[in-house]
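Engineer: Would you mind keeping the following structure in view while I ask a few things?
Numbering (this note's numbering), first residue to last: 1186 to 1481.
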């Protein structure tokens, strides 16, 4: 891949979409890996993975993540890999932390970190202050970079607070997600304020839920940021929902628009350089610091 400047973060699966919602959503490890292979042919920089068990239910089982990551690294060894540590359907923090114990060739480069609780349309994603401290400590100690997921300005306040406490350290990467019913909308003023408030030097991408995906991607591309795109956030090709999309179609459209704007996907190796990531081995040059328990 040529070394462009557009971070393309591919989100193929998520934890809420099932076969009943979209017959083509990849759920099993081989399906997810194949979806990532197709995405690499279009042009992606990183992948945001969710694991499912044999029944298609969301899972934090390290063995499932290991199977996906191992398969992906056979054809895309430099691709930046993030695993979901979501609290949306898992309240046990120990199970959420389990994927961080993976090591060697299947160690993830990043883990998702949503710095606050929030409501989605039909359920809540719970991230208590204590759980956030444990997540941040575990990623810091394992040299796994947090993929910070921002849904509103309060979460950016939390990032700055955790940074002051030594639980989050630059360089940061953040996804700004628009269009959730209870959070920031796909609006230029919302988008601009959130980008403005990020810690200096943060690399960022924008994604959107449902019909907000394409506007959020376009805001980001025009403003010099990256994009998050895939069936995790949006199942449909058009705002009117006349037909379901595929991951390859959603990616292809974004890359085509980017090229017309004079931008092309950033190579994974370049993102690794900017974030200080070593393939499959976490971050360079960081030693664990003393634990900070008080995040109140």
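Ideal Cβ positions, reconstructed from N, Cα and C, are used throughout, including at glycine. Computed from a prediction, not measured in an experiment: that's the story for all the values here.
#1: Keeping to the same chain, check which residues put their C-beta closer than 6 Å to that of residue 1327; ignore five residues upstream and five downstream.
#2: Distance check for residue 1293 and residue 1435, CA to CA, integer angstroms please.
#3: Helix, strand or coil for residue 1192? Go by DSSP, reduced to three states.
#4: Helix, strand or coil, according to DSSP, for residue 1236 in the structure here?
#5: Tell me whether residue 1374 sits in a helix, a strand or coil according to DSSP, three-state version.
#6: What's the gap between the Cα of residue 1333 and the Cα of residue 1428?
#7: Can you give, in chain order, each stretch of the alpha helix (DSSP H) that sits fully within the region 1229-1307 and has at least 4 residues?
#8: So the candidates are 1299, 1371 and 1311; which of them puts its Cα closest to the Cα of residue 1347?
#9: Hey, how far is the Cα of residue 1311 from the Cα of residue 1439?
#10: Is the CB-CB distance between residue 1233 and residue 1195 below 8 Å?
#11: How many angstroms separate the CA atom of residue 1225 from the CA atom of residue 1217?
#12: From residue 1205 to residue 1452, what distance separates their C-alpha atoms?
#13: Under DSSP, the beta strand (DSSP E) around residue 1324 begins and ends at which residues?
#14: Please state whether DSSP places residue 1439 in a helix, a strand or coil.
#15: Quick check on the DSSP output: the beta strand (DSSP E) that includes residue 1352 runs from which residue to which?
#16: Please state the DSSP three-state secondary structure of residue 1470.
#17: Relative to the C-alpha of residue 1271, which residue among 1304, 1258 and 1235 is closest?
#18: Can you tell me which of the three DSSP states residue 1424 falls into?
#19: Got a sec? Which residues, its chain only, sit under 8 Å from residue 1474 by beta carbon, not counting five neighbours each side?
#20: Span of the alpha helix (DSSP H) holding residue 1458?
#21: What's the C-alpha gap between residue 1449 and residue 1405?
#22: Leaving out five residues before and five after residue 1426 in sequence, what residues of the same chain have Cβ atoms less than 7 Å from its Cβ?
#23: Can you give the beta carbon distance from residue 1411 to residue 1364, rounded, assuming they're within the 8 Å contact cut?
#24: So which of 1461, 1415 and 1467 has the shortest CA-CA distance to residue 1227?
#25: Going along the chain, which residues of its own chain have a beta-carbon closer than 6 Å to the beta-carbon of residue 1455, five neighbours each way excluded?
#26: Tell me the rounded alpha-carbon separation between residue 1193 and residue 1388.
#27: If you count every other CB in all the chains shown that lies within 10 Å of the CB of residue 1441, and 16 or more means buried, which is it?
Structural biologist: Reading from the atomic positions:
#1: As a position in the chain shown, residue 1327 is number 142, starting the count at 1. Only 1285 meet the Cβ criterion.
#2: For the purposes of this step, residue 1435 is identified with residue 250 of the chain shown, where counting begins at 1. For the purposes of this step, residue 1293 is identified with residue 108 of the chain shown, where counting begins at 1. Cα to Cα, the separation comes out at about 25 Å.
#3: Here residue 1192 refers to the residue found at position 7 when the chain shown is read from its first residue. The answer is coil: DSSP assigns residue 1192 none of H, G, I, E or B.
#4: Reading the chain shown from its first residue, position 51 is the one you call residue 1236. Note: residue 1236 maps to strand in three-state DSSP.
#5: Sequence index remark: in the chain shown, residue 1374 carries index 189 (1-based). Residue 1374: helix per DSSP, three-state reduction.
#6: On the chain shown, position 148 is the one that residue 1333 refers to. On the chain shown, position 243 is the one that residue 1428 refers to. Looking at the two C-alpha atoms, the distance is approximately 31 Å.
#7: Those alpha helix (DSSP H) runs which fall completely within the region 1229-1307 and span 4+ residues are 1247-1260 and 1278-1282.
#8: Here residue 1347 refers to the residue found at position 162 of the chain shown. Answer by Cα proximity: 1299.
#9: Within the chain shown, residue 1311 is the residue found at index 126, counting from 1. Within the chain shown, residue 1439 is the residue found at index 254, counting from 1. Rounded to whole angstroms, residue 1311 to residue 1439 spans 31 Å at the Cα level.
#10: For this step, residue 1233 is matched to residue 48 along the chain shown. For this step, residue 1195 is matched to residue 10 along the chain shown. Yes, the pair counts as a contact, with Cβ atoms nearer than the cut-off.
#11: The residue labelled residue 1225 in the question sits at position 40 within the chain shown. The residue labelled residue 1217 in the question sits at position 32 within the chain shown. In a straight line, the C-alpha of residue 1225 is about 12 Å away from that of residue 1217.
#12: Position 20 of the chain shown, counted from the start, is the residue given in the question as residue 1205. Position 267 of the chain shown, counted from the start, is the residue given in the question as residue 1452. Going by the C-alpha atoms only, they are around 35 Å apart.
#13: Residue 1324 sits at position 139 when you count from the first residue of the chain shown. Not the beta strand (DSSP E): residue 1324 falls in the alpha helix (DSSP H), residues 1314-1327.
#14: Counting from one through the chain shown, the residue named residue 1439 turns up at place 254. Of the three classes helix, strand and coil, the one that applies to residue 1439 here is helix, per DSSP.
#15: Translated into the one-based positions of the chain shown, residue 1352 becomes position 167. No beta strand (DSSP E) holds residue 1352; DSSP gives it neither H nor E.
#16: By one-based count along the chain shown, residue 1470 stands at place 285. In this prediction, residue 1470 scores a pLDDT of 46, lower than 50, which makes its location untrustworthy; no coordinate-derived value is stated.
#17: If you number the chain shown from 1, residue 1271 lands on position 86. Closest option to residue 1271, Cα to Cα, is 1235.
#18: Position 239 of the chain shown, counted from the first residue, corresponds to residue 1424. In the structure shown, residue 1424 sits in coil (DSSP, three-state: anything other than H, G, I, E or B).
#19: Position 289 of the chain shown, counting from 1, holds the residue named residue 1474. No answer about residue 1474 holds up, because its pLDDT of 46 lies below 50 and its placement is not dependable.
#20: The count along the chain shown starts at 1 and reaches residue 1458 at position 273. Run containing residue 1458: 1453-1460, per the alpha helix (DSSP H) assignment.
#21: The residue labelled residue 1449 in the question sits at position 264 within the chain shown. The residue labelled residue 1405 in the question sits at position 220 within the chain shown. Using only the alpha carbons, I get a separation of about 13 Å.
#22: Here residue 1426 refers to the residue found at position 241 of the chain shown. Here the set comprises nothing.
#23: If you number the chain shown from 1, residue 1411 lands on position 226. If you number the chain shown from 1, residue 1364 lands on position 179. That belief does not hold up - the Cβ atoms of residue 1411 and residue 1364 are roughly 17 Å apart, past 8 Å.
#24: Here residue 1227 refers to the residue found at position 42 of the chain shown. When only C-alpha atoms are compared, the closest one is 1415.
#25: Taking the chain shown and counting its residues from 1, the one referred to as residue 1455 is at position 270. The answer, listed in chain order, is 1188.
#26: If you number the chain shown from 1, residue 1193 lands on position 8. If you number the chain shown from 1, residue 1388 lands on position 203. Near 12 Å, if we compare the C-alpha coordinates of residue 1388 and residue 1193.
#27: For the purposes of this step, residue 1441 is taken as residue 256 along the chain shown, with counting starting at 1. Its Cβ having fewer than 16 others within 10 Å, residue 1441 is exposed.
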